[in-house]
Amino acid sequence: MMNTLDLTVDQVFHELKFSPWTVANELDFLYSRSSYNDAYGLAFTHDQGVGDCFTPQGISSYELPRLSGCFSQMTYEETLNWILTACLYAHNADNGSWLARNRDVLTQSVESILARDGNGDGLMDLDSDRCQGGSEITTYDSLDASLGQTRNNLYIAIKAWGTLVSFAAVFDRHLSNATAAETALAKKARESATAIMNTVISRVKEPDGYIPAVFEGGNDSKIIPAVEGLIYPLFCGDPEAVSRTGPYAKLIAVLGRHLDAVLVPGVCLDAESGGWKLSSTSRNTWMSKIFINQYVAEHVFGLSDERITRDAVHLGWQCNGSADWGPTDQVASTNGKDLGSRLYPRLVSAILWLYPPEKQ
113 MMNTLDLTVD QVFHELKFSP WTVANELDFL YSRSSYNDAY GLAFTHDQGV GDCFTPQGIS
173 SYELPRLSGC FSQMTYEETL NWILTACLYA HNADNGSWLA RNRDVLTQSV ESILARDGNG
233 DGLMDLDSDR CQGGSEITTY DSLDASLGQT RNNLYIAIKA WGTLVSFAAV FDRHLSNATA
293 AETALAKKAR ESATAIMNTV ISRVKEPDGY IPAVFEGGND SKIIPAVEGL IYPLFCGDPE
353 AVSRTGPYAK LIAVLGRHLD AVLVPGVCLD AESGGWKLSS TSRNTWMSKI FINQYVAEHV
413 FGLSDERITR DAVHLGWQCN GSADWGPTDQ VASTNGKDLG SRLYPRLVSA ILWLYPPEKQ
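Going by my numbering, the letters in the sequence shown line up with residues 113 to 472, in that order.
Here it is as structure tokens:
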């Protein structure tokens, strides 16, 4: 598929280091070709076509109505992805003219995200009307509901938190001559981020200290990407947001405790291989996402022990389990057998190994 937005946001760490101008081009083209309006506001599609054939503006080749699993709508997360990519570009490329031209797109996108919280708890609970009775999914489409479902999902909640915090940080640092409406929106973004924090804290399972992956349906899965969204404030100029003494210290504390609870053998450390399982209830694990979450574990929570130094296992997955294909993103956590996303560009997220946050 062409120009998939959920890859754009993960590959941006590589592009910002080597070709930041391409990020601006991508953002502009995504807005012109991938944006549309649904019942809640401005949104973005998963992709722009497949097989060198572009889809009509605002339509993807992937997303279909009346589904609740693979090939359903990714409206909420893709809109988060555009906002995040825009914030990462605006801060790291320091391109004030681009931000000035696109400030309306950015604010409309944030308004759209806020509108999808129907009960004020900060979490997405309103599926796009494009679902037509189905339900939205995440980029983790081939995993089970622990990471695949958007609504009331822990991974998405923290990614939304990271989006709102990053928007507010970029607003404060890079948007000059703010209007009263823009200032009010930044305030709402911070309030929603606080609501997300309070909701997530309320979901901690005692005495073990983990947070279930989905806040409905009795789901009890345990996931590593609960912490994935913490990377964005680091790269958008707000490291204090992920500090243990910052304004969201309580959230960081419970997520650190959660990570301790899930990074154990048989839960999110595969019982057979010892490698990272993104979800305790799925053996489908993604290398590109492991790299991002490893970065958070090390740079936010200071982990450096044997729980995160599993690179030899992960190398074995590539060299043995997926040897027939070369670099493979989706692999079986038991032995590294390729499950999908072969020769996949998203793996450039490994640049994070060489890329400490330079702008703090």
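Cβ atoms here follow ideal geometry from the backbone N, Cα and C, with glycine treated the same way.
Rounding to the nearest angstrom, what Cα-Cα distance links residue i and residue j in this structure?
{"i": "Ala301", "j": "Cys182", "result": "30 Å"}
{"i": "Thr167", "j": "Ser173", "result": "7 Å"}
{"i": "Lys471", "j": "Met399", "result": "Residue placement at Lys471 is poorly supported in this model, since its pLDDT is 43, which falls under 50; the coordinates are not used for a value here."}
{"i": "Arg242", "j": "Ser184", "result": "9 Å"}
{"i": "Ile313", "j": "Ala269", "result": "12 Å"}
{"i": "Trp437", "j": "Arg422", "result": "22 Å"}
{"i": "Thr187", "j": "Ala424", "result": "37 Å"}
{"i": "Val121", "j": "Ala383", "result": "31 Å"}
{"i": "Asn401", "j": "Ser288", "result": "It is Lys, not Asn, that sits at residue 401 in the sequence shown. Going by the C-alpha atoms only, they are around 34 Å apart."}
{"i": "Ala361", "j": "Asp350", "result": "13 Å"}
{"i": "Leu371", "j": "Ser147", "result": "35 Å"}
{"i": "Leu464", "j": "Thr446", "result": "25 Å"}
{"i": "Val162", "j": "Ser180", "result": "22 Å"}
{"i": "Ser221", "j": "Gly245", "result": "23 Å"}
{"i": "Gly368", "j": "Asn331", "result": "21 Å"}
{"i": "Leu128", "j": "Phe347", "result": "11 Å"}
Where do the N-terminal and C-terminal ends of the alpha helix (DSSP H) with residue i fall, by residue?
{"i": "Thr440", "result": "Here Thr440 belongs to no alpha helix (DSSP H); instead the beta strand (DSSP E) covers Thr440 to Ala444."}
{"i": "Leu215", "result": "Sequence check: residue 215 is Arg here, not Leu. Its alpha helix (DSSP H) spans residues Gly208 to Ala227."}
{"i": "Leu196", "result": "Thr187 to Ala205"}
{"i": "Phe347", "result": "Ile343 to Phe347"}
How would you label residue i, buried or exposed, when you count the other beta carbons within 10 angstroms and need 16 or more for buried?
{"i": "Phe130", "result": "exposed"}
{"i": "Pro377", "result": "exposed"}
{"i": "Thr440", "result": "buried"}
{"i": "Pro319", "result": "exposed"}
{"i": "Trp388", "result": "buried"}
{"i": "Leu154", "result": "buried"}
{"i": "Arg215", "result": "buried"}
{"i": "Ser392", "result": "buried"}
{"i": "Thr357", "result": "exposed"}
{"i": "Ala462", "result": "buried"}
{"i": "Asp450", "result": "buried"}
{"i": "Leu390", "result": "buried"}
{"i": "Glu328", "result": "exposed"}
{"i": "Lys93", "result": "Here the chain covers residues 113 to 472 and nothing more, so residue 93 does not appear."}
Along the beta strand (DSSP E) that carries residue i, what are the first and last residues, could you check?
{"i": "Asp150", "result": "Ser147 to Asp150"}
{"i": "Phe130", "result": "Here Phe130 belongs to no beta strand (DSSP E); instead the alpha helix (DSSP H) covers Leu117 to Phe130."}
{"i": "Gly153", "result": "Gly153 to Phe156"}
Which residues does DSSP pair with residue i in a beta bridge?
{"i": "Tyr322", "result": "Lys317"}
{"i": "Asn265", "result": "Val326"}
{"i": "Pro377", "result": "Leu381"}
{"i": "Gly358", "result": "Paired residue(s): none; Gly358 is not in a bridge."}
{"i": "Cys165", "result": "Val162"}
{"i": "Trp388", "result": "Leu381"}
{"i": "Ile335", "result": "Ser391"}
Could you confirm whether any beta carbon from chain C is found closer than 7 Å to the beta carbon of residue i?
{"i": "Ala257", "result": "Note that chain C does not occur in the displayed structure, where there is just one protein chain."}
Closer than 6 Å to a non-hydrogen atom of the ligand GDP - does that hold for the CB of residue i?
{"i": "Val316", "result": "This structure does not include the ligand GDP; it has no bound ligands of any sort."}
With a floor of 4 residues, list each alpha helix (DSSP H) that falls wholly inside the stretch 392-460, ordered by position along the chain. 399-411 and 423-428
Runs of beta strand (DSSP E) lying entirely within the stretch 231-290, each at least 3 residues, in chain order: With a minimum length of 3 residues, no continuous beta strand (DSSP E) run stays inside the stretch 231-290.
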